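Quick notes on the structure that follows.
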DNA sequence: TTGGCATATATCAGTTTCTTATATATATGA
DNA sequence: TCATATATATAAGAAACTGATATATGCCAA
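Chains as they are written, first to last, in the working numbering: chain A, 60 to 178; chain B, 60 to 178.
Structure, rendered in structure tokens:
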């Protein structure tokens, strides 16, 4: 019951997922984010470091997040936090992901009818 | 209300969507598939030909589908149909996509609790 | 005391999957 | 005659990952 979701499927969803977590938690560090995704998805999504850090660095370069370095137990820890601009972008990305989920749900219905009105 | 879902998000989902349609309709041709996806998704998903035909050719090469060419109004039409092996694969892919949708839905909940039991 | 696991960040070669443009060809309606 | 719909196809390039590798500390167990 812990079948991992394949990499192809995940491609493109990881960034919005990271932004969602940052929006809910105000301040998180990289390692924490991977652990959270692992737990929330019940082991079905593995956010690898090779995927995560480039995402975080890109978000910083784009002014979506700002960072704060702290030293905890002699280990460097980099906290990420959304900027006001980042919060706005986050909301957009999350809305888009929600639309995506809804649309997939329609397509996955047993016998999707063409032109069915859902309102 | 017709905001297209971005390409990044779609990446990886298109193949399972095609397999789902083939499973529900026994026999479809390429052009028909793009039109169906467009309608079912209410314009939110555009399955381009540059994406579709490589997918269909790959499915054929992998023994997931067999093809039949027909001539309709002097235009060649290539019908695609799942093989028994393809039907099995289809069911797997669709299940995986369903898992994916469910998992994303959990992650998108307003304040996802860690370790929440969903059974 | 030594080896392994958890913690913590980081980079990079290679793969896959798409987009966008291009090509070809017929039928139909304005 | 010209645009649009129908129908299939390929290819260069971009983007987002995986999986490997690197570095370093703290802690626990054999």
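Just so it is clear, CB atoms sit at the ideal spot from N, CA and C, and this is done for glycine as well. What you are looking at is a predicted structure, and each value in this text was computed from that prediction instead of being measured.
Rounded straight-line distance, which links the Cα of residue 87 (chain A) to that of residue 131 (chain A): Taking C-alpha positions only, residue 131 (chain A) is separated from residue 87 (chain A) by approximately 14 angstroms.
Could you compute how far the alpha carbon of residue 121 (chain A) sits from the alpha carbon of residue 170 (chain A)? Rounded to whole angstroms, residue 121 (chain A) to residue 170 (chain A) spans 42 angstroms at the Cα level.
Pull up the distance between the alpha-carbon of residue 144 (chain A) and that of residue 119 (chain A), whole angstroms please. 11 angstroms
What did DSSP end up calling residue 128 (chain A) once you bin it into helix, strand or coil? In the three-state DSSP reduction, residue 128 (chain A) falls in the strand class (E or B).
Which residues in chain B sit within 9 angstroms of residue 162 (chain A), going by Cβ to Cβ distance? 64, 99, 100, 101, 103, 104
Within 10 Å of its beta-carbon, does residue 139 (chain A) have 16 or more other beta-carbons around it, so buried, or fewer, so exposed? buried
Just mark residue 125 (chain A) as buried or exposed, buried being the case when its beta carbon has 16 or more other beta carbons within 10 Å. An exposed status is given to residue 125 (chain A), since fewer than 16 other beta-carbon atoms sit within 10 Å of its beta-carbon.
Determine, using beta carbons only, whether residue 147 (chain B) comes closer than 7 angstroms to chain A. no
Hey, would you say residue 152 (chain B) sits closer than 7 angstroms to residue 71 (chain A), going by beta carbons? Residue 71 (chain A) sits away from residue 152 (chain B), with the two beta carbons spaced by 7 angstroms or more.
By the 10 Å Cβ neighbour count, where 16 or more other Cβ atoms means buried, how is residue 77 (chain A) classified, buried or exposed? buried
At a CB distance below 9 angstroms, what residues from the stretch 64 to 92 of chain A approach chain B? Give them in sequence order. Here the close residues are 64, 65, 66, 67, 68, 69, 70, 71, 72, 74, 75, 76, 79, 80, 83.
Using a cut-off of 9 angstroms between C-beta atoms, extract the partners of residue 155 (chain B) located in chain A. In chain order, 62, 64, 65, 68 make up the part of chain A whose C-beta sits under 9 angstroms from the C-beta of residue 155 (chain B).
State the start and end residues of the unbroken alpha helix (DSSP H) segment that holds residue 94 (chain A). 89 to 99
Would you mind stating whether residue 160 (chain B) and residue 73 (chain A) have Cβ atoms separated by less than 7 angstroms? no
Enumerate in chain order the residues of its own chain whose CB-to-CB distance from residue 123 (chain B) is below 6 angstroms, with the five nearest sequence positions on each side excluded. 145, 148
Distance CB(residue 63 (chain A))-CB(residue 103 (chain A)) smaller than 7 angstroms: yes
Taking DSSP as the reference, what is the three-state secondary structure of residue 146 (chain A)? helix
Run down chain B in chain order and give the residues with a C-beta less than 9 angstroms from the C-beta of residue 170 (chain A). Taking a Cβ-Cβ cut-off of 9 angstroms, the neighbours of residue 170 (chain A) in chain B comprise 83, given in sequence order.
At the level of alpha carbons, what is the spacing between residue 106 (chain B) and residue 136 (chain A)? Cα-Cα distance, rounded: 42 angstroms.
List the residues of chain A whose Cβ lies closer than 7 angstroms to the Cβ of residue 166 (chain B), in chain order. 76, 79, 99, 100
Whose C-alpha, out of B:98, B:128, B:127, B:91, is nearest the C-alpha of residue 111 (chain B)? B:91
Quick one: Cα of residue 113 (chain B) to Cα of residue 114 (chain A), how far? 29 angstroms
Alpha-carbon spacing of residue 187 (chain B) relative to residue 94 (chain A), whole angstroms: Nothing in the structure corresponds to residue 187 (chain B), since chain B is present only between 60 and 178.
Who are the Cβ neighbours of residue 127 (chain B) in its own chain at under 6 angstroms, not counting the five residues just before and after it? 138
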